[in-house]
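Protein chains in written order, with the working numbering: chain S, 1 to 306; chain G, 1 to 314; chain V, 1 to 409. Shown next, in structure tokens, is the structure this report addresses.
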Amino acid sequence: MMRTVRFHGRGGQGAKTASRILGTAAFIEGFVAQDSPVYGAERRGAPVAAFTRIDSGPIKQRGVIACPDLVVIADASLIQDPAARVLDGVNERTAVFVNSPLTAEQLQAQTPLLGRLTTLDLTTIALQQCGKGGAISALVGAVAGRLVGLRRDSVREAIARELADLGLAATQIERNQAVAIQCYDTVRTVPVAPGAPQPTASARLQVPTYESPTRGTARISAAANSILRETSGWRTFRPVLVPDKCNGCWLCFAYCPDGVISMAKDDRPVIDYAHCKGCQICVHECPTEALVAEREKEGTVAWKAK
Amino acid sequence: MWQRETFKKIKQIPREEHVLPGTALCAGCGGLEALRLAAKVLGDEVVYVNAAGCFTMLAAYPFTPFKGSWLYTTMGSAPAGAQGVRDALDVLIAKGRLPERENLKVVVLGGDGSTYDMALSSTSGAITRKLDFYYFCYDNEAYGNTGMQLSPATPYGARTTTSPCSLQHPSGATREKKDIFEIWRAHKPPYIATVAPRYPLDLEEKFARAATFTGPKLFLALSACPTGWLYDPGETPEVAKLAVETGLWPLKEAINGAVTHTYIPKPKPVEEYLKLQGRFRHLFEPVVQTEAIAHIQERVNAYWEQVEKTEKAV
Amino acid sequence: MEGEMMTGNLAAAWGARLADVDYIPAFPITPQTEIVEALAKWCESGAMAARFVTMDSEHSMMTAAGAAAATGARVFTATSSQGLLYALEVLYSVSGWRAPLVLVNVSRALAAPITLEPDHNDVLAARDSGFLQIHAETCQEVLDSILMAYRIAEDERVMLPVIVNLDGFYLSFTREPVIMPDLQMVKAFLPPFRPAHLGFKASAPHALGVAVLSGTPYSYFRHQMHLAAMNALEVHREAAAAFEQLVGRRYDVVEGYRLDDADDVLVMTNAFASKGKAAVDVARAEGKRVGLLRLRVIRPWPADAIRHALQGRRAVAVLDQNLSPGQGGILFQEIAACLYHEALRPRALCSFIGGLGGKNLSEGELRTVFEQTAEAGVQGKGIGPVLLYTEAEHREMVQLQDLATEHRA
Chain S
1 MMRTVRFHGR
11 GGQGAKTASR
21 ILGTAAFIEG
31 FVAQDSPVYG
41 AERRGAPVAA
51 FTRIDSGPIK
61 QRGVIACPDL
71 VVIADASLIQ
81 DPAARVLDGV
91 NERTAVFVNS
101 PLTAEQLQAQ
111 TPLLGRLTTL
121 DLTTIALQQC
131 GKGGAISALV
141 GAVAGRLVGL
151 RRDSVREAIA
161 RELADLGLAA
171 TQIERNQAVA
181 IQCYDTVRTV
191 PVAPGAPQPT
201 ASARLQVPTY
211 ESPTRGTARI
221 SAAANSILRE
231 TSGWRTFRPV
241 LVPDKCNGCW
251 LCFAYCPDGV
261 ISMAKDDRPV
271 IDYAHCKGCQ
281 ICVHECPTEA
291 LVAEREKEGT
301 VAWKAK
Chain G
1 MWQRETFKKI
11 KQIPREEHVL
21 PGTALCAGCG
31 GLEALRLAAK
41 VLGDEVVYVN
51 AAGCFTMLAA
61 YPFTPFKGSW
71 LYTTMGSAPA
81 GAQGVRDALD
91 VLIAKGRLPE
101 RENLKVVVLG
111 GDGSTYDMAL
121 SSTSGAITRK
131 LDFYYFCYDN
141 EAYGNTGMQL
151 SPATPYGART
161 TTSPCSLQHP
171 SGATREKKDI
181 FEIWRAHKPP
191 YIATVAPRYP
201 LDLEEKFARA
211 ATFTGPKLFL
221 ALSACPTGWL
231 YDPGETPEVA
241 KLAVETGLWP
251 LKEAINGAVT
261 HTYIPKPKPV
271 EEYLKLQGRF
281 RHLFEPVVQT
291 EAIAHIQERV
301 NAYWEQVEKT
311 EKAV
Chain V
1 MEGEMMTGNL
11 AAAWGARLAD
21 VDYIPAFPIT
31 PQTEIVEALA
41 KWCESGAMAA
51 RFVTMDSEHS
61 MMTAAGAAAA
71 TGARVFTATS
81 SQGLLYALEV
91 LYSVSGWRAP
101 LVLVNVSRAL
111 AAPITLEPDH
121 NDVLAARDSG
131 FLQIHAETCQ
141 EVLDSILMAY
151 RIAEDERVML
161 PVIVNLDGFY
171 LSFTREPVIM
181 PDLQMVKAFL
191 PPFRPAHLGF
201 KASAPHALGV
211 AVLSGTPYSY
221 FRHQMHLAAM
231 NALEVHREAA
241 AAFEQLVGRR
251 YDVVEGYRLD
261 DADDVLVMTN
271 AFASKGKAAV
281 DVARAEGKRV
291 GLLRLRVIRP
301 WPADAIRHAL
311 QGRRAVAVLD
321 QNLSPGQGGI
331 LFQEIAACLY
341 HEALRPRALC
351 SFIGGLGGKN
361 LSEGELRTVF
371 EQTAEAGVQG
381 KGIGPVLLYT
391 EAEHREMVQL
401 QDLATEHRA
């Protein structure tokens, strides 16, 4: 029976590669597999999704998985982001993995989720064992492989194939394999019930009628409304001001690409956290170490300006 | 000696934002950093005419970051779109159908892929016709929106997804970056400048100067790209700084064809710039590509020797 | 004789002049060039209050045209053949902006091999671009159709650009009498261009043609263009009535010629339809009950009018002056599709390909078309695609090939 897995991540985290690792691992084990990303405007930090289908025979499906057996969420902030639609088609029978430092119970208490929940803090594992954050594709792929019941060896081999395809050096691949297999072994398993029923009711059509091109063409007359779109979820780290150290030099304001830093009357920066993408340019460029990077939701200072 | 006349202190950078946040551009985008600064001088009475590229994502239905207007054209013809908008505004104002106070500046936005190759015909045409417009090229030295393929702006030695390193070509891209500045200059427009957002006062000054000219005003903005150049997004200003300080990205302007370098670096070795970026990592490991690095250095040296000769002579 | 002698090209230029356009981006290409030459002269002399700009390519020309219309100017431009295809990408943009300009295409066959004389593969390549299409048979119709095109394009229910097509050489360089509409009548017919959704200005900024990132808005906006194009049928009807009232000439989406009691009907477009009408007269004189249906508006596709004209006939022949390799005639397919559900559909549908690259369509060939169509009607079985190519032409071709391949010292 077909098993279906939907991955959610942010551009640059490796959701697409994770879906490929899972697909390749299943293929190595003799299954028919199909993996595909949602292509489009994904940018580093923007919500992305990818899909893997695994079956013993030919797969007569394509594209989006509306009701997956397993949802793998590489970035917990996506749960709150309606645009990411991570909870689409999730019900009591869906297995859900979230990359989070919280336990399933803690997360459940914080954000009630349907489905059988399991968590592991992949970001911290990656930061501790691979140095910087960034792509956690091998880790996510390994966890998914474990949850759908693929073998350790095939997951390890799939990681090697997919990361080599991305041009990673052999040493990096080995490091990734080791850390990923550690995640494979650590993640608390939940049952993944294959063959989630896909919606089959006939669609109710509503064919649009003509309207004036003021609305009926790809036109935006609401000026500068991008402000309505928050990008806070893109951050792994947030810049935080240490007011005593700030010399009011304006450099953070000058260099911020997104214009999310404004200068108050007293020449102190005010950061618009709803839109800061966490690039850390301000932290890097602050000459007095008055801006520090704090891990989101952790509260501890991770690193300071050079 | 070139001196800034309007923008002398950093606190003169206007506080008001004209490109608002909430766009889908990558965290740490050097191109957006440059555009944001440029827009502080350009203001809101602008219609941006966009060519296909990363900046396509700036205005994506139903959101726009601009208080001004926007028209998305094609990869090859944004300057022609600017021509149509400019001419129509002029005609409508002349015929009294549009009050003069409704007039707008017309600003083309194009990446290097569009600017250096596909839109070269339409750019050449627009400059030749003395179109009164701004051209803002965000140069991230590859086709970025499609995932970093070789463009004519890719510098010698850089690895892109279509200039991979191989045993035959261990140094990546094997041909030199096209000199679009000189191609533009051959058309003798009133104003051309290179800018780097790490030098915001230089950038603001140049946009302020350009505003005094009627006709084509062309800007080439170094747009360091963490996604494609493979460095940490927080290092965007550092990368831009080293591009300038190693002499690889000269800051200059050309007024009616006469070139002035607006900043003369005390040149650092090019390795300092190259080493910071994953797209040049193969020049240093597993074996150091000494010849390739020396080649890059020699070309920089030759450039600045020429600058010294010509600009001293003036 | 009323009117004055002028070429189709000059008639097209007069259409733009009478429509009082604001802006003309241009690029020369045979056989269109005379249009832009005339307009350049009139703009220079002040006879027209429009700005004329020679662009660097048709791609740029079309972009400038669309951008100017998007800024609120009434825009005219013209091209042909290779130029239309070079601009093709931009056609889709301009229609997507819902910028209602008028583009004249002077049909010329496409390379390779390159040639100068007409067929309709060029204009039909733009069939799905969202531009409406009006195909003219006479120089008079070229002029009148341009005026109608602006009125239809600029209607709030439509807001789509229009291509007015005329055949290279057979109309473009052919002079015949054309009656100039009175300027005051044109003003009454064509209200000022004041689009609600277009026009860049400081006080009302907007973003146009922005990217959409999913199929939901994309489907919606493209479907709106379809609805707009379909609205153009009704708007055309109104425009035709108003034009007839003011100017005294009437143009419908299709034109029937001696259809009343016709058993067999020949379907044609553009200038060669005149030859088709002459062939109908010849056949009628011999007692054959034949007629001709000329398709004038190709987009929107006037399915009801076509069904009405063709229902109950014994046989219908479509003479396509185009060729889709691997399929056949392009308009034949559309005719066949719209007759499928017709209860009284013709017993036979015949497909003929003729006039490619401006190849002459002789009276003999048209007679053959009627004969084969009548036979197909009797048999109740359609034929084609049949290439109209005579034995004499074939002999000539063999001679040319011999010259091309055999070296004679």
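Glycine residues also receive a C-beta, built at the ideal position from the N, C-alpha and C atoms. The model shown is predicted, which means the values in this text are computed figures rather than measured ones.
- Message: Which residues in chain G have a C-beta closer than 8 Å to the C-beta of residue 228 (chain S)? List them in chain order.
- Response: Counting only Cβ-Cβ distances below 8 Å, residue 228 (chain S) has contacts in chain G at 22 and 63, in chain order.
- Item | Ordered list of beta strand (DSSP E) runs contained in the segment 228 to 274 of chain S, each at least 3 residues | Complete beta strand (DSSP E) runs here, min 3: 237 to 241, 261 to 263 and 269 to 271.
- Message: Only counting the same chain, and skipping five residues up and downstream in sequence, which positions put a Cβ closer than 7 Å to that of residue 299 (chain S)?
- Response: Any reading at residue 299 (chain S) is ruled out, since the residue's pLDDT is 45, under 50, leaving its predicted position unreliable.
- Item | Local Cβ density within 10 Å of residue 397 (chain V), reported as buried at 16 or more and exposed below that | Counting Cβ neighbours within 10 Å, residue 397 (chain V) comes out exposed, since fewer than 16 surround it.
- Message: Please return the same chain residues whose Cβ sits closer than 6 Å to the Cβ of residue 281 (chain G), not counting the five positions on each side in sequence.
- Response: None.
- Determine the burial state of residue 114 (chain V): buried for a count of at least 16 other Cβ atoms within 10 Å of its Cβ, exposed for fewer. exposed
- Message: Please give me, in chain order, every unbroken run of the beta strand (DSSP E) with length at least 3 that falls completely inside the segment 224 to 253 of chain V.
- Response: none
- Status (buried if at least 16 other CB within 10 Å, exposed otherwise) for residue 306 (chain S): Reliability of the predicted coordinates at residue 306 (chain S) is poor, the pLDDT of 44 falling under 50, and no value is obtained from them.
- Message: Along the segment 245 to 257 of chain S, where does the CB come closer than 8 Å to a CB of chain G? Name the residues.
- Response: 249, 250, 251, 253, 254, 255, 256 and 257
- Task: Just mark residue 148 (chain V) as buried or exposed, buried being the case when its beta carbon has 16 or more other beta carbons within 10 Å.
- Result: buried
- Unbroken alpha helix (DSSP H) runs of length 4 or more, entirely within the segment 63 to 90 of chain S: which are they? none
- Task: Please confirm whether residue 314 (chain V) and residue 346 (chain V) have their CB atoms less than 9 Å apart.
- Result: yes
- Can you list, in chain order, the stretches of the alpha helix (DSSP H) that have 4 or more residues and sit fully within the segment 264 to 342 of chain V? DSSP runs (the alpha helix (DSSP H)) wholly in the segment 264 to 342 of chain V: 273 to 285, 303 to 310 and 330 to 339.
- Residues that residue 51 (chain V) contacts on chain G, provided the C-beta gap is smaller than 9 Å: 87, 88, 90, 91 and 94
- Inspect the beta-carbon positions of residue 196 (chain V) and residue 213 (chain S) and report whether they are closer than 9 Å. yes
- Query: Closest Cβ-Cβ distance between residue 72 (chain G) and chain V: below 9 Å?
  - Reply: Yes, contact with chain V.
- Can you round the beta-carbon distance between residue 230 (chain G) and residue 279 (chain G) to whole angstroms, since I take them to be within the 8 Å contact cut? 5 Å
- Task: Use the C-beta contact count for residue 23 (chain G): other C-beta atoms within 10 angstroms, 16 or more gives buried, fewer gives exposed.
- Result: buried
- Return helix, strand or coil for residue 97 (chain V), following the three-state DSSP convention. helix
- Task: Kindly identify the DSSP beta-bridge partner or partners of residue 349 (chain V).
- Result: V:316
- Query: Of the residues V:109, V:61 and V:104, which one's Cα is nearest the Cα of residue 354 (chain V)?
  - Reply: V:109
- Beta-carbon proximity list for residue 114 (chain G), same chain, < 6 Å, skipping 5 on both sides: 51, 53 and 75
- Could one say the Cβ of residue 19 (chain G) lies closer than 9 Å to chain V's Cβ atoms, at least one of them? Judged by the 9 Å Cβ criterion, residue 19 (chain G) is not in contact with chain V.
- Query: If the cut is a Cβ gap below 7 Å, which residues of chain S does residue 209 (chain V) touch?
  - Reply: 218
- Taking residue 117 (chain V) as the reference, give the member of V:100, V:144, V:94 and V:80 with the closest Cα. Residue V:80 is the option with its Cα nearest to residue 117 (chain V).
- Query: Which parts of the segment 123 to 164 of chain V are runs of the alpha helix (DSSP H), unbroken and 4 residues or longer, counting only runs that do not cross its ends?
  - Reply: 139 to 153
- Message: 9 Å is my cut-off, CB to CB: does residue 302 (chain S) come that close to chain G?
- Response: For residue 302 (chain S), the pLDDT reaches just 49, beneath the cut-off of 50, and the residue's location in the model is therefore unreliable, although a value from the coordinates is still provided. Not one chain G Cβ lies under 9 Å of residue 302 (chain S).
- Going by DSSP, what residues sit across from residue 117 (chain S) in a beta bridge? S:96
- Query: Around the C-beta of residue 345 (chain S), are 16 or more other C-beta atoms found within 10 angstroms, so that it is buried, or is it exposed?
  - Reply: What is shown of chain S runs 1 to 306, which leaves residue 345 (chain S) out entirely.
- Item | Short CB-CB distance (under 9 Å) between residue 93 (chain S) and chain G | no
- With DSSP collapsed to three states, give me the class of residue 176 (chain V). Shown here, residue 176 (chain V) sits in a strand according to DSSP, grouped into three states.
- Query: Quick one, which of S:100, S:222, S:270 and S:274 has its alpha-carbon nearest residue 323 (chain S)'s?
  - Reply: Any question about residue 323 (chain S) goes unanswered here, given that chain S covers just 1 to 306.
- Query: Below 9 Å between beta carbons: does that hold for residue 281 (chain S) and residue 33 (chain G)?
  - Reply: yes
- Message: At the level of alpha carbons, what is the spacing between residue 387 (chain V) and residue 328 (chain V)?
- Response: Those two C-alpha atoms are separated by around 9 Å.
- Flag residue 208 (chain S) as yes if its beta-carbon sits less than 9 Å from any beta-carbon of chain V, otherwise no. Output row for residue 208 (chain S): interface = yes.
- Which stretch, first to last residue, makes up the beta strand (DSSP E) that contains residue 183 (chain S)? It is not in any beta strand (DSSP E) - residue 183 (chain S) instead sits in the alpha helix (DSSP H) that spans 170 to 186.
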